[in-house]
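Each number in UniProt numbering corresponds to the 1-based position in the sequence shown with 246 added. The beta-carbon is built from N, C-alpha and C at its ideal position, and this holds for glycine as well. Bear in mind the structure is a predicted one, so any value in this text is a computation, not a measurement. To start, the structure under review is shown below, and the notes come after it.
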Amino acid sequence: EKGGFDHFMLKEIFEQPQTIFDSLRGRMDAEQQSITLSGVDKIAEKFLSANRIIIVACGTSWHAGLLAEYVIEELCRINVEVEYASEFRYRNPIITDQDVIIAISQSGETADTLVALENAKKQGATIFGLVNVVGSSIARMSDAGAYTHAGPEIGVASTKAFTAQLTVLYLIALKIAQLKGAIEATLFNRLLADLANVPAYVKEILDDQHAVIQAIAKKYSDARDFLYLGRGYNFPIALEGALKLKEVSYIHAEGYPAAEMKHGPIALVDEQLPVVFVATKDSYHEKIISNIQEIKARKGKVIAVVSHGDIVATELADDVMVVPQVHEIIAPVLSVIPLQLLSYYIGIYRGLDVDKPRNLAKSVTVE
Ligand code: F6R
Numbered sequence: 247e248k249g250g251f252d253h254f255m256l257k258e259i260f261e262q263p264q265t266i267f268d269s270l271r272g273r274m275d276a277e278q279q280s281i282t283l284s285g286v287d288k289i290a291e292k293f294l295s296a297n298r299i300i301i302v303a304c305g306t307s308w309h310a311g312l313l314a315e316y317v318i319e320e321l322c323r324i325n326v327e328v329e330y331a332s333e334f335r336y337r338n339p340i341i342t343d344q345d346v347i348i349a350i351s352q353s354g355e356t357a358d359t360l361v362a363l364e365n366a367k368k369q370g371a372t373i374f375g376l377v378n379v380v381g382s383s384i385a386r387m388s389d390a391g392a393y394t395h396a397g398p399e400i401g402v403a404s405t406k407a408f409t410a411q412l413t414v415l416y417l418i419a420l421k422i423a424q425l426k427g428a429i430e431a432t433l434f435n436r437l438l439a440d441l442a443n444v445p446a447y448v449k450e451i452l453d454d455q456h457a458v459i460q461a462i463a464k465k466y467s468d469a470r471d472f473l474y475l476g477r478g479y480n481f482p483i484a485l486e487g488a489l490k491l492k493e494v495s496y497i498h499a500e501g502y503p504a505a506e507m508k509h510g511p512i513a514l515v516d517e518q519l520p521v522v523f524v525a526t527k528d529s530y531h532e533k534i535i536s537n538i539q540e541i542k543a544r545k546g547k548v549i550a551v552v553s554h555g556d557i558v559a560t561e562l563a564d565d566v567m568v569v570p571q572v573h574e575i576i577a578p579v580l581s582v583i584p585l586q587l588l589s590y591y592i593g594i595y596r597g598l599d600v601d602k603p604r605n606l607a608k609s610v611t612v613e
């Protein structure tokens, strides 16, 4: 049932070239420069006239939502808010029939997300569900939606469902941007071409970096704390990397926007602290390089996710995990792969049950 892998988590990490392909299949035609998403078509008028899009989710799905905020605002020029379902549901938010809510949930059963949506729906908002489990409660209560097509996710720590969420969110953003006439054809085509290559690139990372990451995990498996830093499109990936590590290794880890480290977390840095930088080549690259230098100057240990061929970052960091270079908007779906593997192997080296971490349930159906 684990297909020759020791754990579901590892199996699901290695399934991602296929699951991402499945998320794209039948929806994207790079040659025709078109995206087919019947759920978006169904409420296209709502998306195009929306005051704002509110994304509601929890945990890893919330991290996918945070990236979607950056991407939708950039490509569609629609105002986006990202909300923790548990906060949104209790704080009497201002919602009108001009709001479209995108709910993101692997299980489709998360209690806080479900109730937040029910409340918003009563106030007239339109609900678009991005869900993995077919026929789940959130899928059923949504006005329109799209399935992620990741297949059943057994490992409690979400991996393939997250990359499927990112993949479909890219498609949703591109589709709305195209309908709205907000995106240049050249950028649209470039992003579609990069997306089409993501399954092959993920496979390349898994093939080329597996042993490297295993060795890095072994080296740092006794650490007491980790800091994860990223900027821009890679900031949500820093948060996700830290969450994954906490869940499967029980090591305290925090994710921060890299520039925020000066406002507090830098006090933690000493020779004991591994700092993971999500530092692929993008428009923030020079800035993140100087953040790496600041950590090195304080004797922190730097592990960096870098783009293939980035000599500067490679020389600065103590250890690197290499990913292919793609457009900065698409980069996060690749950057997260090494961080999933790193967490998995640190959990393994610490002798833990990575598939069923203590105190966690696959689906949080009580608030
Ligand atoms: C993290 C994880 C949780 C879930 C969260 C939301 O690895 O699995 O943080 O992402 O409980 O669950 P869904 O997506 O089912 O609503």
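In whole angstroms, what is the alpha-carbon distance linking residue i and residue j?
i	j	result
Ala407	Pro578	14 Å
Leu282	Gln424	Residue identity differs from the one stated: residue 282 is Thr in this sequence, not Leu. Rounded to whole angstroms, Thr282 to Gln424 spans 12 Å at the Cα level.
Ala488	Tyr474	6 Å
Lys367	Lys257	37 Å
Gln278	Val548	43 Å
Lys490	Ser553	22 Å
Thr409	Ile583	9 Å
Phe472	Ala446	30 Å
residue 201	Ser609	The chain is shown only over 247 to 613; residue 201 falls outside these bounds and no answer can be derived.
Val612	Glu355	10 Å
Phe523	Glu291	40 Å
Ser467	Leu585	14 Å
Val600	Asp343	43 Å
Glu486	Ile422	26 Å
Cys322	Asp252	42 Å
Ile483	Gly370	33 Å
Thr359	Ala543	43 Å
Glu333	Thr413	26 Å
Ser295	Pro263	35 Å
Lys533	Met507	13 Å
Gly249	Leu587	17 Å
Ala563	Glu517	14 Å
Ala439	Thr432	11 Å
residue 617	Tyr479	Look at the range of the chain in this structure, 247 to 613, and you will see that residue 617 is not part of it.
Leu580	Val448	6 Å
Val551	Ala457	15 Å
Pro603	Phe254	12 Å
Leu420	Leu598	40 Å
residue 234	Gly305	There is simply no residue 234 to check, as the chain begins at 247 and stops at 613 in what is shown.
Leu606	Phe481	25 Å
Leu437	His395	21 Å
Tyr336	Asp453	45 Å
Gln411	Phe434	19 Å
Ala461	Arg596	14 Å
Phe293	Thr405	29 Å
Val569	Ile576	12 Å
Thr526	Leu519	21 Å
May I ask whether a heavy atom of the ligand HEM can be found less than 6 Å away from the beta carbon of residue i?
i	result
Val326	Looking for the ligand HEM in the displayed structure turns up nothing; the ligands present are the ligand F6R.
With DSSP as the reference, label residue i as helix, strand or coil.
i	result
Gly501	strand
Ser269	helix
Ser609	coil
Asp275	strand
So residue i and residue j are supposed to be a Cβ contact under 8 Å. How far apart are they, rounded?
i	j	result
Ile347	Ile318	Between Ile318 and Ile347 the Cβ distance is about 13 Å, and since that is not below 8 Å, they are no contact.
Leu363	Ile384	7 Å
residue 619	Ala504	Residue coverage of the chain in this structure runs from 247 to 613, which leaves residue 619 outside it and unanswerable.
Val328	Leu312	5 Å
Gly397	Gly375	Going by Cβ atoms, the distance from Gly397 to Gly375 rounds to 18 Å, so no, they are not a contact pair.
Val286	Ile451	Rounded, the Cβ-Cβ distance is 29 Å, inconsistent with contact.
Ile259	Val444	Rounded, the Cβ-Cβ distance is 15 Å, inconsistent with contact.
Ser353	Ile373	About 16 Å separates the two Cβ atoms, so there is no contact after all.
Ala428	Tyr591	About 42 Å separates the two Cβ atoms, so there is no contact after all.
Ser307	Ile350	4 Å
Val515	Gly546	4 Å
Val521	Ile541	5 Å
Ala513	Ala276	Not a contact, Cβ separation roughly 48 Å.
Can you list, in chain order, the stretches of the beta strand (DSSP E) that have 3 or more residues and sit fully within the UniProt domain "SIS" (289-428)?
298-303, 326-330, 345-351, 372-377, 390-393
Would you check if the stretch 385-403 and the stretch 488-508 touch, i.e. whether three or more CB-CB distances between them fall below 8 Å?
yes
Sufficient close CB pairs (3 or more, under 8 Å) joining the stretch 257-273 to the stretch 363-380:
no
Going residue by residue through the stretch 515-596, where are the continuous beta strand (DSSP E) segments of at least 3 residues, counting only ones entirely within it?
520-524, 547-553, 565-569
As an exercise, report each continuous beta strand (DSSP E) stretch of at least 3 residues that is fully enclosed by the stretch 434-510, in chain order.
471-476, 498-503
The stretch 555-562 touching the stretch 456-473, judged by at least three CB pairs closer than 8 Å:
no
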